Amino acid sequence: MVELIRDSYDCVVIGSGYGAAVAAAGMGRAGQSVCLLEKGKERWPGEYPVTFGEISREFHVSGRIKAGPMDLSYIDNRKDTGLYHLTFGQDQSVFVCNGLGGGSLLNGNIFLEATQSVLQMPCWPREIRNNPGCLSKYYDIVRRVLEPEAYPESWPAPCKMKVFERQARAMGLGHKFYRAPQTTRFRSGPNSTGVPMCASTLSGQDCTGVNDGSKSSTLVTYLADAWNRGVEMFCECEVRHIEEVTDERGGYIVYFAWHGRNRDRFRNSVRSNLMWVHAKKAVFLGAGAMGTTEILLRSKARGLRTSDQVGKHMSGNGNILAFGLDGSPFTILRGKFGAFEPCDAVTGTGKLVYDFDMMGVNGKRLHFYGYKFVDSSIVLRPLRFWQATTTLYVTITDPSMTLAKSVKDAVPAVGTEGGSSPSGAHQLHGSHSHYRQAPVATGIVRVHFADLMRAARTLRAPGSHRMERMAKLTAVLWRLWRQPIKLFLAPFMPLQYPLQSRLPDINNTPPTRSFELVASDGVVTMLHMWEPDANAVATDCHGKPVAIRDVFMIPGAGVDHQIFALPTIPFNTVNYLTRAGYRVFVSVHRVCRLKTTHDPWTTYDARLDLKACFETIRTLRGSKKIYTIAHCMGSVAFACGLLDGTIPADWILGITCSQVFMHPVWGTVNKLKSKSPIPLDWLYSKAVGPYFDCSTKANDSMLQRVLNQLLRFYPQQRHEMCNNAVCLRTTFLFGRCWSHRNLNEATHSQIDRVFGGANMTLMHLLMRMGARGVVTGNAPKRESLVTPENIQRLRGVPFLLFSGMDSAVLSPAAADKTYETLLATFGESAGIDGGGTEYRRRKLEGYGHLDCWMGVNAWRDVYPWIREEVDRVVRGDDYVFRQPNDRFTAIVDSGRLLP
Numbered sequence: 001m002v003e004l005i006r007d008s009y010d011c012v013v014i015g016s017g018y019g020a021a022v023a024a025a026g027m028g029r030a031g032q033s034v035c036l037l038e039k040g041k042e043r044w045p046g047e048y049p050v051t052f053g054e055i056s057r058e059f060h061v062s063g064r065i066k067a068g069p070m071d072l073s074y075i076d077n078r079k080d081t082g083l084y085h086l087t088f089g090q091d092q093s094v095f096v097c098n099g100l101g102g103g104s105l106l107n108g109n110i111f112l113e114a115t116q117s118v119l120q121m122p123c124w125p126r127e128i129r130n131n132p133g134c135l136s137k138y139y140d141i142v143r144r145v146l147e148p149e150a151y152p153e154s155w156p157a158p159c160k161m162k163v164f165e166r167q168a169r170a171m172g173l174g175h176k177f178y179r180a181p182q183t184t185r186f187r188s189g190p191n192s193t194g195v196p197m198c199a200s201t202l203s204g205q206d207c208t209g210v211n212d213g214s215k216s217s218t219l220v221t222y223l224a225d226a227w228n229r230g231v232e233m234f235c236e237c238e239v240r241h242i243e244e245v246t247d248e249r250g251g252y253i254v255y256f257a258w259h260g261r262n263r264d265r266f267r268n269s270v271r272s273n274l275m276w277v278h279a280k281k282a283v284f285l286g287a288g289a290m291g292t293t294e295i296l297l298r299s300k301a302r303g304l305r306t307s308d309q310v311g312k313h314m315s316g317n318g319n320i321l322a323f324g325l326d327g328s329p330f331t332i333l334r335g336k337f338g339a340f341e342p343c344d345a346v347t348g349t350g351k352l353v354y355d356f357d358m359m360g361v362n363g364k365r366l367h368f369y370g371y372k373f374v375d376s377s378i379v380l381r382p383l384r385f386w387q388a389t390t391t392l393y394v395t396i397t398d399p400s401m402t403l404a405k406s407v408k409d410a411v412p413a414v415g416t417e418g419g420s421s422p423s424g425a426h427q428l429h430g431s432h433s434h435y436r437q438a439p440v441a442t443g444i445v446r447v448h449f450a451d452l453m454r455a456a457r458t459l460r461a462p463g464s465h466r467m468e469r470m471a472k473l474t475a476v477l478w479r480l481w482r483q484p485i486k487l488f489l490a491p492f493m494p495l496q497y498p499l500q501s502r503l504p505d506i507n508n509t510p511p512t513r514s515f516e517l518v519a520s521d522g523v524v525t526m527l528h529m530w531e532p533d534a535n536a537v538a539t540d541c542h543g544k545p546v547a548i549r550d551v552f553m554i555p556g557a558g559v560d561h562q563i564f565a566l567p568t569i570p571f572n573t574v575n576y577l578t579r580a581g582y583r584v585f586v587s588v589h590r591v592c593r594l595k596t597t598h599d600p601w602t603t604y605d606a607r608l609d610l611k612a613c614f615e616t617i618r619t620l621r622g623s624k625k626i627y628t629i630a631h632c633m634g635s636v637a638f639a640c641g642l643l644d645g646t647i648p649a650d651w652i653l654g655i656t657c658s659q660v661f662m663h664p665v666w667g668t669v670n671k672l673k674s675k676s677p678i679p680l681d682w683l684y685s686k687a688v689g690p691y692f693d694c695s696t697k698a699n700d701s702m703l704q705r706v707l708n709q710l711l712r713f714y715p716q717q718r719h720e721m722c723n724n725a726v727c728l729r730t731t732f733l734f735g736r737c738w739s740h741r742n743l744n745e746a747t748h749s750q751i752d753r754v755f756g757g758a759n760m761t762l763m764h765l766l767m768r769m770g771a772r773g774v775v776t777g778n779a780p781k782r783e784s785l786v787t788p789e790n791i792q793r794l795r796g797v798p799f800l801l802f803s804g805m806d807s808a809v810l811s812p813a814a815a816d817k818t819y820e821t822l823l824a825t826f827g828e829s830a831g832i833d834g835g836g837t838e839y840r841r842r843k844l845e846g847y848g849h850l851d852c853w854m855g856v857n858a859w860r861d862v863y864p865w866i867r868e869e870v871d872r873v874v875r876g877d878d879y880v881f882r883q884p885n886d887r888f889t890a891i892v893d894s895g896r897l898l899p
């Protein structure tokens, strides 16, 4: 019973499955005082559910169910200590067990050793890869405890086993079929730890809980041994987070929610009224892949130092939260109390700042920084409008104390993967100066309606008569609330047209050299090159600059090299790769933002431009293979050239594909557009002409102005609505190319600098390819290039395929299909004998299409793992990236790159 728990132990073990149970038994044998905390209940054979009704009462369901393109609401039936827990996820669902014994209560009992070839795979640490036999002695130890044995020959053969044996023989693999050892008892008697066991009755209850007493779970092995060694075990204790003790006691505090004694009746507070236990020496986390990760992420959010890799692809990172109550009174000194103003850090947002000093009765001076934040999620949503405009995010700091390492701790290094994907808008904004001051408190202040009404009654305006006073008061209120009201009524506000004059560049990144190329059919295109500064690149283990290598990048349709060398963000792709020691070449092919775009060229034709680029690079740099990074329709053009042999695959060292390669699959709205009974490309070409320009102006033709107004109602999520005319036209042509929260205002207001347009011949081919799901040649035949013979040309080429999960242009299924095709054809080694994992797939939460390159935080969320893959292929598995001492390191350390 938890009432008997002590306040402190040498070790605390979280969970009771294989990892946790082994740790508990080991520490118990070592003479340590051990406390084991298990979320589930204690059940023994004979107490596990059997009928559907019994199972349903123990079935905990949580997560977000996805049905087609629609996300349903988050569900949780709150059976927190149920034996079975099914968590629904976007890409996969997870089934885990909560009970004393953990996953061993429900697993399949099979005892198999990892083969030498598996342990030599690149994903293992070098110590295991180089000596795969090092684990053999540990298998022997576990074997003595679990006592695995094969299914007896004298017992009736199960039907499933007969089927597997028949299938193995039919495939010519009969010599590999054998009865795998399993941790099921086939004879009665005590086990290795002295617990009486019964022979199996072949009940088939392994995945719901075996009731006949034949399953050698950790409950009857390691946990029994741990109990005999004095380990204290407490069930129905859900560990929430861990906190490091910084005083003389040392160790860690483990906070947990106790669900016993009918405390589920207080379900609204059971996870806020936490209990705790102190671990003097160590905490062992054995709560499974889901449970341990959740605990670490919650702990990280509360200040525990953990790896930035924890929780990747599972959940976002949290915030630090602290509370204070009834402190000494402070008086507010002069400060800044502004109106809602447009926020440059994220487009389509507004921010109201409270910034002032406070003086306490004890003479202590503190700094108060608070802000309210509104974004497009408030569009036509009164309740959300109210919440956003009455919620204040507050940080109080002590100006007399500085944290020398605060920014470095808060911001991931520019060369390593870290940080969080964009989530709540309030996480995206702050005052960078506070990263140099010691935080005293952070919190959220919410204004209630009654308080607001009382405050409103205090408003007064000077004037000789009522109408004058009302006019002045209205003017003040409009100035204060203009930005959120504009966002709330965004679909009905005047359209924003391209700026008459350019804003000053934030980060001008001109190419070192530019080349005018002529393709084999006579079309003239451009190739730009950026040479890295040899004194400001990554260094080797001796502190010397690494060798400069070449990278070739291909933009998509309608854009140009600026998506990689964007002047409106502080840190763009070209900056990132050149400082990593790469000479960057970027093609501006015929379907990019060039005059040739007006001509009826397609992605299939553009492959000739890419070949000309490769030939030029090989002439300049020698006949070495080059790593290539391709985006969207540039990637499709590249696929066409590789598949039909126009571009020899032996020129390519490796490929990173953004969004798509050889299997275009449109997003939901684009798919609906492609199925229109009257083809939209044909309709536009007949009504206006063969070229669609993404740019526009207030005095454009009548047809264009009517189209601009109609595009206000283009189907998209509310939080993605905007009234930028160029953004709306770009969305109509290609689909929404970004999640707006990832673009800063400088980029969004000058989209016309990046986007040109597209001809209707190209758009017609793209719609046809998307409908078929394969890249093709030109009309009229439009023959598929994705044939077994053509795919063989890709043998030996490493691939990284990534896609933004919020993309409205292409579905993530586009990259999935290519990834699955490559795996099915060549295996994960890309057809290289003895090769490692050469095909990698990445799904990027919180990002859409082009914001993977143009996003203001892409330097933190996207570029690092692209660079890691390029480094792996170009420089080898053992290469370690070391930060250059350059201006970008300096501005990251200063906090100026924080959004």
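When we follow UniProt numbering, the leftmost residue of the sequence shown carries the number 1, and every step to the right adds one. Cβ atoms here follow ideal geometry from the backbone N, Cα and C, with glycine treated the same way. For clarity, every value in this text was computed on a predicted model and none was experimentally measured.
Annotation: arginine 129 to aspartate 7 spans about 42 Å, alpha carbon to alpha carbon. Its chain contains Gly796 and Glu838 as the residues whose beta carbon lies nearer than 7 Å to that of isoleucine 832, once the 5 sequence neighbours on both sides are disregarded; these appear in chain order. Note: arginine 882 is not bridge-paired with any residue in the DSSP secondary-structure output. For a cut-off of 8 Å, the C-beta gap from valine 636 to alanine 815 is around 12 Å, too long to register as a contact. Beta-bridge partners of tyrosine 497 (DSSP): none assigned.
Between glycine 522 and methionine 633, the gap from beta carbon to beta carbon reaches 8 Å or more.
Ranked by Cα distance from tyrosine 369, the first of Pro342, Leu383, Asp398 and Phe256 is Asp398. DSSP places tyrosine 393 in the strand class (E or B) of the three-state scheme. Within the region 601-685, the complete alpha helix (DSSP H) segments of 4 residues or longer fall at 603-621, 632-643 and 668-674, listed in chain order. Per DSSP, the unbroken beta strand (DSSP E) holding histidine 85 starts and ends at 84-88. Taking a C-beta distance under 8 Å as the contact criterion, histidine 259 and valine 277 do not qualify as a contact pair. Rounded to whole angstroms, the separation of the alpha carbons of phenylalanine 59 and valine 220 is 24 Å. Here the region 707-719 makes contact with the region 374-388; the two share three or more CB pairs at distances below 8 Å.
Secondary structure in the region 773-845: the beta strand (DSSP E) runs of 3 residues or longer, each lying completely within the stretch, are 799-804 and 839-844 in chain order. With contacts defined as CB atoms closer than 8 Å, leucine 850 and cysteine 737 qualify as a contacting pair. Cβ-Cβ separation between arginine 240 and phenylalanine 256: approximately 6 Å, consistent with a contact (criterion under 8 Å). Valine 118: member of the alpha helix (DSSP H) spanning 116-119, first to last residue. If you draw a straight line from the Cα of asparagine 191 to the Cα of phenylalanine 95, it comes to about 29 Å. Around the beta-carbon of threonine 747, 16 or more other beta-carbon atoms lie within 10 Å, marking it buried. Fully contained in the region 113-168 are the following alpha helix (DSSP H) runs of length 4 or more, in chain order: 116-119, 126-130 and 136-146. Annotated as proximal: alanine 345 and asparagine 744, with beta-carbon spacing under 8 Å.
Ranked by Cα distance from threonine 568, the first of Cys613, Thr509, Lys671 and Thr578 is Thr509.
Under the three-state reduction of DSSP, asparagine 708 is assigned to helix. It is roughly 27 Å from the alpha-carbon of asparagine 131 to the alpha-carbon of aspartate 540. Contact check for glycine 286 and alanine 20: beta-carbon distance about 3 Å, within the 8 Å limit, so the pair qualifies.
For the pair aspartate 247 and alanine 282, the Cα-to-Cα distance works out to about 16 Å. With 16 or more other Cβ atoms inside 10 Å of its own Cβ, tyrosine 48 counts as buried.
Proline 600 and threonine 761 have their C-alpha atoms spaced approximately 5 Å apart. Note that the C-beta distance between glycine 757 and proline 664 is not below 8 Å. Going by DSSP, aspartate 550 is part of the beta strand (DSSP E) stretching over 549-554.
With at least 16 other beta carbons inside 10 angstroms of its own, glutamine 483 counts as buried. Residue nearest to tryptophan 530 within the set Ile506, Leu577 and Ser501 is Leu577 (criterion: CA-CA distance). The C-beta distance from tyrosine 604 to asparagine 724 rounds to 32 Å, too long to fall under 8 Å, and the pair is not in contact. When DSSP states are grouped into helix, strand and coil, glutamine 387 belongs to the helix group. The bridge partners DSSP lists for glutamine 182 are Ile110 and Glu149. A distance below 6 Å between beta-carbons, with the five flanking residues on each side excluded, links histidine 764 to the following residues of its chain, in chain order: Asp681.
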